[in-house]
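First up is the structure itself, then whatever we jot down about it.
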Amino acid sequence: MADRHDVPGRLRAAADAHRADRERMRERVERGMSARPGRAAVPRPARRWPARAPGWLRAAGAAVALALTLVVASVAAGWTAGEPEGPVGPPAASSPPDLRLTAAGTADPASNDYWSQRNVTVRTDEPLTAFSLEIRIARGDARLETTGSFQTLADEDFTRSVVAEGGRLLFRWDLVPGSRIPPGEYLFAAQFGHPSGPRDGAADHFAAEGAGTSGPASLRGEFD
C-alpha cells in the first residue's frame, strides 16, 4: 500500500498536470450570450493565471469558469423561451350599430264619414341616404279615390305616386338619389275619399325601408 504521506504530493502533481480548456469555455459563454435577440456577443480576451500561481488555484479557477458558463447559458435560454412567438395583432374592430329607424301609423283626427287621412310619423337618429315608404289602404268592395299626399320634407327630394293595385290603394314616396334626410321626425300623409259612413281601417298598413351610415333598416306597421 502506498505511503499516505505521499497524498499531498500526488494531489499537487495532479493539479499541476490539469490544463483547463479556456478557449472552449469562452466559446460556450459567447454562444449563451448571443442566444438573446438584440445582444451581440462581445469577445473578451482569455484571462491567464500568473505562471507562478499554485496548481490548486488554477484548478479552482477552471471549476468557477465552468459554473459561470452553465449559469449564463441557462439565463440566455430562459430569456429566449419567455419571448412571445410572432407579432401581436391589433384588436378586432367592433361592428357598427344598427340603424335606428322607427315609424308609427295613426288615423288623422280630421278624418270624417266621407274623407280620411292616414299619417306615418318616421323618426331617424342619423342621416338617411336612401328611403322609401308605402302606405297601403285596403279598398275591399268600396270605391276609394285619392285626394292627395304630402310630407313635411322638401317636395324636390321625393318622387310620389298613387296606384290602385290588388284591392289596395298604394301611396308611395321615394327619396331622390343624391338627396338626404337629416336626423329628426317627419310626417308622411295619404288622403282619400270613400263612401259615406265610418270606415274600418284595420286592414290598412305601411312599410318603409331606409339606409344610413350604420347600414340598412326596414319596418312595417298598422294604424291606430
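Note that this note's numbering has the sequence shown beginning at 42, numbered continuously upward. Just so it is clear, CB atoms sit at the ideal spot from N, CA and C, and this is done for glycine as well.
Three-state class that DSSP yields for residue i in the structure shown
i, result
"E175", "strand"
"E186", "strand"
"F264", "strand"
Residue i versus residue j: straight-line alpha-carbon distance, rounded
i, j, result
"A249", "G181", "23 Å"
"E226", "A144", "9 Å"
"W214", "P239", "27 Å"
"P223", "E263", "25 Å"
"D265", "F233", "17 Å"
"Y155", "T170", "38 Å"
"A205", "T162", "23 Å"
"D245", "D196", "25 Å"
"Q192", "F172", "13 Å"
"N153", "T187", "15 Å"
"D208", "P218", "Reading off the sequence shown, one finds Gly at residue 208, where the question assumed Asp. Approximately 30 Å between the Cα atoms of the pair."
"R201", "R164", "19 Å"
Within 8 Å, strictly: CB atoms of residue i and residue j
i, j, result
"D142", "A258", "The sequence shown places Leu at residue 142, not Asp. For L142 and A258, yes; Cβs fall inside 8 Å."
"N160", "L228", "yes"
"L210", "V203", "yes"
"S220", "L140", "no"
"Q158", "D166", "no"
"P236", "A183", "yes"
"G251", "P168", "no"
Whole-number beta carbon distance between residue j and residue i, since they are thought to touch under 8 Å
i, j, result
"I178", "L185", "6 Å"
"D9", "L216", "Outside the displayed range of the chain (42 to 265) lies residue 9, so it cannot be described from this structure."
"G146", "F247", "5 Å"
"A230", "S190", "6 Å"
Distance cut-off 7 Å: residue i Cβ against heavy atoms of the ligand ZN
i, result
"V161", "Among the components of this structure there are no ligands whatsoever, and the ligand ZN is therefore not found."
key: Ranges of the beta strand (DSSP E) found wholly within the stretch 196-262, counting only runs of at least 3   = 199-206, 209-216, 225-234, 246-253
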